[in-house]
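Number of protein chains: 2
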Amino acid sequence: MSNKDYKKCFNPNKNFRGHTKELARYAKALAHPARIKILNFLNNSKYCYTGDFVEVLPMAQSTVSQHLKELKEAGLIIANEQPPRVSYCINKDAWEKAKKLFMDFFDV
Amino acid sequence: MSNKDYKKCFNPNKNFRGHTKELARYAKALAHPARIKILNFLNNSKYCYTGDFVEVLPMAQSTVSQHLKELKEAGLIIANEQPPRVSYCINKDAWEKAKKLFMDFFDV
DNA sequence: TTTTTTTATCGTATATTTGCGATATGTAAA
DNA sequence: TTTACATATCGCAAATATACGATAAAAAAA
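Order-wise, the sequence lines are chains A and B.
Each residue of the first sequence is one higher than the one before, starting from 3 at the first, in my numbering.
Each residue of the second sequence is one higher than the one before, starting from 3 at the first, in my numbering.
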């Protein structure tokens, strides 16, 4: 090791810390252009229906639905049933949490 | 669509814009705790050898080498041959580019 | 020259992701 | 009730990611 202070940034028991896993998890949620676009979209629109995304994304409805599910499971968006449609919006708490993790990571 | 100005954030030809793909690509590079740790590590140490990472990451040397390769291919780190060892450091240009993309994404 | 050290790559197994069409579900409209 | 609509889920195929042990490569040390 080129310097000897690695214990302050690595867990000595060789497991990953919570915030490291959390950041990786959010990064994974952002790791596809369609999901980036969905989040951009929601940040400009307050809320959107599934069909809105299907209109503009270059993939089938079922695939869009799957990407929405992943973002939901990552906690970044919230679904609202408005039968027969479903609207989505940003989960602001999770969004701020993710923002903070990325800010810290990039030392902003 | 809940508002009608989506053309300013979506490419009408239904393909993803360069910066969307670029951000997704960087996010993918960060989408594993080991790679997060490697980058944290390099940001605290100027440079490190492969073996330094192997010491502290909970995985085999070959796996660590694979993660380093991915970060290198994403452009975020640079390898320096110092036989028989190889040292790595942050690619500052790419790092700043990634930082900017994430900042813009999070509207910072 | 032989051995050791350090790292990358190969081969392989398993898991996850991505994508699609088809289908199911649940509601509203006819 | 039947039909139409919006969305989620299923089943499947292909691609990619993750991880490991074994091996290769290349230089330094003995």
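Just so it is clear, CB atoms sit at the ideal spot from N, CA and C, and this is done for glycine as well.
Remember, it's a predicted structure, so these values are computed and weren't measured experimentally.
Under the three-state reduction of DSSP output, Arg19/B falls in the coil class, being neither helix nor strand. Between the alpha carbons of Leu78/B and Thr22/B lies a distance of about 17 Å.
When Cβ-Cβ separations below 9 Å define contact, Asp109/B makes contact with chain A. Taking each of Val110/B, Lys39/B, Asp106/B, Lys101/B in turn and checking the Cα distance to Tyr28/B, the smallest one comes out for Lys101/B.
Contact with chain A is absent for Arg87/B, since none of that chain's Cβ atoms lies less than 9 Å from the residue's Cβ.
Cβ proximity to chain A below 9 Å picks out Ala31, Leu32, Ala33, His34, Pro35, Ala36, Arg37, Ile38, Lys39, Leu41, Asn42, Phe43, Asn45, Asn46, Ser47, Lys48, Tyr49, Cys50, Tyr51 from the region 31-52 of chain B.
Here Ala62/B is exposed, its C-beta having fewer than 16 other C-beta atoms within 10 Å. Excluding its 5 nearest sequence neighbours in each direction, Arg87/A has C-beta neighbours in its own chain below 8 Å: Tyr51, Thr52, Gly53, listed in chain order.
Ala26/A reaches chain B at Leu32, Ala33, His34, Pro35, Arg37, Ile38, counting residues in chain order whose Cβ is nearer than 8 Å. Following the DSSP letters along the chain, one finds Ala96/B inside the alpha helix (DSSP H) bounded by residues 94-107. Residue pairing by DSSP places Asn82/B opposite Ser89/B in a beta bridge. Taken residue by residue, none of the region 62-80 of chain B has a beta-carbon sitting less than 8 Å from a beta-carbon on chain A.
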